[in-house]
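Asker: Just add 1 to wherever you are in the sequence shown, counting from 1, and you've got the numbering used here.
Backbone N, C-alpha and C define an ideal beta-carbon position, used for all residues, glycine too.
Keep in mind it's a predicted model, so treat the numbers as computed, not measured.
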Amino acid sequence: MERRIIRLEESVISRICAGEVVERPSSAIKELIENSIDAGADSIEVEILSEDFLSFRVKDNGCGMKREEIRISVERWTTSKLKKEEDLLSISTYGFRGEALYSIAAVSRLIIRSAESDGEGYECYFEGGELMWEKPVSMRTGTTVEVHELFFNSPVRKSFLRGRKSELFHTTELIFKYAMAIPDISYRLRENERDIVNIEKGMTLKSIFENLFGRETKGFEINFEDAGIEISGYLSHPDSPPLYRRLYLIVNRRPVESGIIKEAIKSGFERSIEKGRAPSGIIKIEISPDEVDVNIHPQKRTIKFKNQEFVDRAIAKSIKAALSRKTKEVFYIPPPGREEEKIIKKEEVVREKVQPPLIEDFPKVIGNLWNEFMLLERESALLLIDVHAAHEKIIYDRLKEEYESEEPAMTLLLTPIVLNVGKTVSSIENLLKVFENLGFLIEIFGREDVCIRGYPAVLDEDEVERTFKEILNSLLTESPIKAIEKLASIACKKAVKSGKQLSNLELITLLDDLKEIKSGAYCPHGRPIIYIIEKKEILKWFMRR
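1. For D119, is the classification buried or exposed, using 16 other Cβ atoms within 10 angstroms of its Cβ as the cut-off for buried?
2. Can you tell me whether P1 is helix, strand or coil according to DSSP?
3. Note down the Cα distance separating D398 from G65, rounded to an integer number of angstroms.
4. How far does the beta strand (DSSP E) with G260 in it extend, from its first residue to its last?
5. To which residues of the same chain is A42 closer than 6 angstroms at the C-beta, ignoring the five residues directly before and after it?
6. Looking at C-alpha atoms only, which residue of F127, E264, V252, P184 is the closest neighbour of S289?
7. Please identify the residue among E100, V388, L236 whose C-alpha is closest to the C-alpha of R247.
8. Curious, which full-length alpha helix (DSSP H) runs of at least 4 residues does the segment 370 to 439 contain?
9. Would L370 be called buried (16 or more neighbouring beta carbons within 10 Å of its own) or exposed?
10. Might you give, ordered along the chain, the residues of its own chain that have their beta carbon closer than 6 angstroms to the beta carbon of L413, omitting 5 neighbours on each side?
11. Would you check if there are 3 or more beta carbon pairs closer than 8 angstroms linking the segment 262 to 272 to the segment 311 to 323?
12. Measuring alpha carbon to alpha carbon, tell me which of M375, P409, E287 ends up nearest I533.
13. Out of K178, V459, E535, which one is the CA nearest neighbour of G215?
14. Taking the alpha carbon of L132 as the reference point, which residue from T144, E117, E69 has its own alpha carbon closest?
15. For P137, does the count of other Cβ atoms within 10 angstroms reach 16, so buried, or fall short, so exposed?
16. What are the boundary residues of the alpha helix (DSSP H) that includes S475?
17. Apply the 10 Å Cβ neighbour rule to R255 and answer buried if 16 or more other Cβ atoms are within range, or exposed otherwise.
18. Between A391 and N372, what straight-line distance do the alpha-carbon atoms span, to the nearest angstrom?
19. Name the residue from S160, K159, L383 whose alpha carbon lies nearest to the alpha carbon of E538.
20. Using DSSP with H/G/I as helix, E/B as strand and the rest coil, what is M181?
21. Look at the alpha carbon of A19 and the alpha carbon of I186, and state the distance between them as a whole number of angstroms.
22. Helix or strand or just coil, what does DSSP make of T173?
23. How long is the line joining the alpha carbons of D463 and V419, rounded to whole angstroms?
24. Report all residues from its chain with a CB closer than 7 angstroms to the CB of L415; omit the five preceding and five following residues, and keep chain order.
25. Provide the residue span of the alpha helix (DSSP H) that contains R68, from first to last.
26. Roughly how far, in whole angstroms, is the beta-carbon of V59 from the beta-carbon of I34, given that I think they are within contact range, below 8 angstroms?
27. Classify K394 as buried or exposed, calling it buried when 16 or more other Cβ atoms lie within 10 Å of its own Cβ.
28. Would you please state the rounded distance, in angstroms, between the beta carbons of R77 and Y103? I believe it to be under 8 angstroms.
29. Could you tell me the boundaries of the alpha helix (DSSP H) in which K537 lies?
30. Can you confirm whether the segment 146 to 164 touches the segment 175 to 183 when touching is taken to mean that 3 or more C-beta pairs between the two stretches lie within less than 8 angstroms?
31. On the three-state DSSP scale, how would you describe V23?
32. For I386 versus I286, is the C-beta spacing smaller than 9 angstroms?
33. Grab me the residues of P409's own chain with a C-beta within less than 7 angstroms of its C-beta, minus the 5 sequence neighbours each way, in chain order.
34. Output yes if chain C places a C-beta closer than 9 angstroms to the C-beta of N431; else output no.
35. Run through the DSSP bridge pairs and tell me what C125 is partnered with.
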């Protein structure tokens with residue numbers, strides 16, 4: 002068969018190019034969000050219009066476009082961000098290639114509405130990149146882009162999509178990434194007239210970290226400045242690995258991926274982190290735009306620094322400095338001379354379960370006994386603490402306090418869990434507040450389904466469905482008061498297991514948490530937490546007195 006080189010038709014070229022920029026629905030949403038940011042919007046709303054995620058809307062309150070600008074915006078190589086070749090060397094905007102709308106329009110049915118001032122706007126409808134009709138519309142300043150039937154003319158690409166759950170995860174994560182990168186914009190993701198994500202302006206990195214990784218995950222803040230570079234962030238503490246593991250990188254307010262930067266972050270932890278484990282959290286880098294090349298990938302996901310070694314050193318240095326500060330805080334012990342407070346003794350533990358704070362002074366940590374007990378030394382006594390029972394008590398008291406204050410620590414699900422509960426839906430409606438106080442964010446989702454959008458921060462994500470069903474079964478057959486007993490069950494499952502070796506740092510952290518316990522020397526199951534042996538008793542053993 003004879004093969005000749007031919008020039009491809011423009012329609013074929015446009016579909017090939019579209020595949021480089023628009024791999025999936027979430028990548029199209031990403032391009033539209035970036036256009037909104039470049040338009041100066043401070044409010045961006047994404048709405049999913051179809052179950053298969055192939056139809057969606059992105060709405061902003063940016064500067065808007067003129068009628069002619071709408072028409073040419075879907076043509077290739079049309080952009081408002083570049084004027085000359087030199088501009089490529091110091092790009093500060095998100096979009097700049099002039100390919101986003103062109104690529105999306107080529108593989109969808111596209112509606113663009115835009116207005117430069119309130120009241121007067123235009124709407125254009127494109128199909129496969131061709132303008133089909135246009136008309137004036139009344140609308141507020143800004144732009145709304147509706148994508149319908151993405152990949153309608155590319156069935157092969159459509160067949161490779163992974164489905165709704167995957168797209169929802171990627172889109173939700175996308176919203177959080179831009180909230181990290183540009184916090185002075187409000188972001189909203191909606192579906193079926195319900196908010197999936199709603200992030201107000203000014204959300205801090207710590208708040209985003211807690212939303213993604215759970216409030217139970219201990220983190221530390223990074224603030225570092227050196228010649229020509231600023232680094233900020235929030236990372237998980239080495240001794241508090243999160244349930245959901247992910248490292249987010251922001252460079253010059255742009256979410257990026259970089260294996261080199263991630264290695265630099267790991268090197269900053271040195272021996273503080275277990276071999277094979279990667280830190281989780283958020284790192285933001287601000288550096289002169291002409292020191293970064295973002296023009297090496299169609300979706301601008303990867304970047305290149307002119308001086309990678311300088312950036313790597315700065316990252317490692319910033320983390321070491323932050324960890325050093327954090328470690329000092331954890332190991333801080335007040336100076337001698339503090340008045341000793343009464344501590345619960347063995348006889349009192351047996352006699353009464355409600356007591357003053359369990360640990361009120363600052364005993365010296367000797368170490369770990371048989372990976373079961375913590376040994377502590379005071380001036381006149383030796384203390385043994387059951388590590389599992391103590392941790393169980395700490396978790397239980399926190400959960401109980403959150404339940405009673407109606408302010409539970411909650412982790413939001415990036416991909417909500419939909420469960421079929423049959424006819425119990427009507428009963429669940431009456432228990433929504435109880436579940437909310439326990440840390441579950443539940444919505445009725447149809448006649449027989451519920452949607453779990455958030456869960457108690459103390460749980461692992463793979464435990465959510467089973468724990469929810471257990472608590473539901475208990476609440477349907479018993480009094481809502483039994484919810485407290487379920488908290489005890491959760492606490493027991495999450496507590497440090499007997500036999501697990503803990504580092505000195507982990508023991509000291511556990512002791513610090515134990516000092517916050519306000520009452521009770523028993524775990525939720527009734528086992529004693531602490532046993533005290535007086536010095537004089539030990540001396541008697543050895544016939545010293």
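Answerer: Per the coordinate set shown:
1. By the 16-neighbour rule on beta-carbons within 10 angstroms, D119 is exposed.
2. The chain is shown from 2 up to 546; residue 1 falls before or after that span and cannot be answered.
3. Between D398 and G65, the alpha-carbon positions lie close to 53 angstroms from each other.
4. No beta strand (DSSP E) holds G260; the alpha helix (DSSP H) holding it covers 260 to 270.
5. Only residues of its own chain outside the window of five on either side were considered, and among them D61, N62, G63 have a CB closer than 6 angstroms to the CB of A42, listed in chain order.
6. Taking only the C-alpha atoms, the option nearest S289 is V252.
7. Among E100, V388, L236, the Cα nearest to that of R247 belongs to L236.
8. Whole alpha helix (DSSP H) segments, 4+ residues: 388 to 406, 426 to 430, 433 to 439.
9. Label assigned to L370: exposed.
10. Short of 6 angstroms from the beta carbon of L413, and not among the five residues preceding or following it, lie these beta carbons of its own chain, in chain order: N212, G455.
11. Touching, yes, given that three or more Cβ pairs across the two stretches are closer than 8 angstroms.
12. Considering only alpha carbons, the answer is M375.
13. Residue V459 is the option with its Cα nearest to G215.
14. For the residues T144, E117, E69, the minimum Cα distance to L132 belongs to E69.
15. When all chains shown are included, P137 counts as exposed.
16. 465 to 478 is the span of the alpha helix (DSSP H), which, as asked, contains S475.
17. So R255 ends up on the buried side.
18. Going from the Cα of A391 to the Cα of N372 covers about 13 angstroms.
19. Per the Cα distances, L383.
20. It is helical.
21. Low local confidence applies: a pLDDT of 45 at A19 is under 50, so the model's placement there is unreliable, and no value is given.
22. Of the three classes helix, strand and coil, the one that applies to T173 here is helix, per DSSP.
23. Cα to Cα, D463 sits roughly 14 angstroms from V419.
24. Around L415: F170, T173, E174.
25. 68 to 74 is the span of the alpha helix (DSSP H), which, as asked, contains R68.
26. Rounded to whole angstroms, the Cβ separation of V59 and I34 is 6 angstroms, and the two are in contact under 8 angstroms.
27. K394 should be labelled buried.
28. That pair is a contact at about 5 angstroms.
29. That run of the alpha helix (DSSP H) goes 536 to 542.
30. Per the Cβ contact rule, the segment 175 to 183 is not in contact with the segment 146 to 164 (fewer than 3 Cβ pairs under 8 angstroms).
31. When DSSP states are grouped into helix, strand and coil, V23 belongs to the coil group.
32. Not a contact, by the Cβ cut-off of 9 angstroms.
33. Sequence-distant partners of P409 (beyond 5 residues in either direction) whose C-beta falls short of 7 angstroms from its own C-beta, in its chain, are E403, N438, L439, G440, P457.
34. Annotation note: the requested chain C is absent from the structure, which comprises a single protein chain.
35. Paired residue(s): I113, E135.
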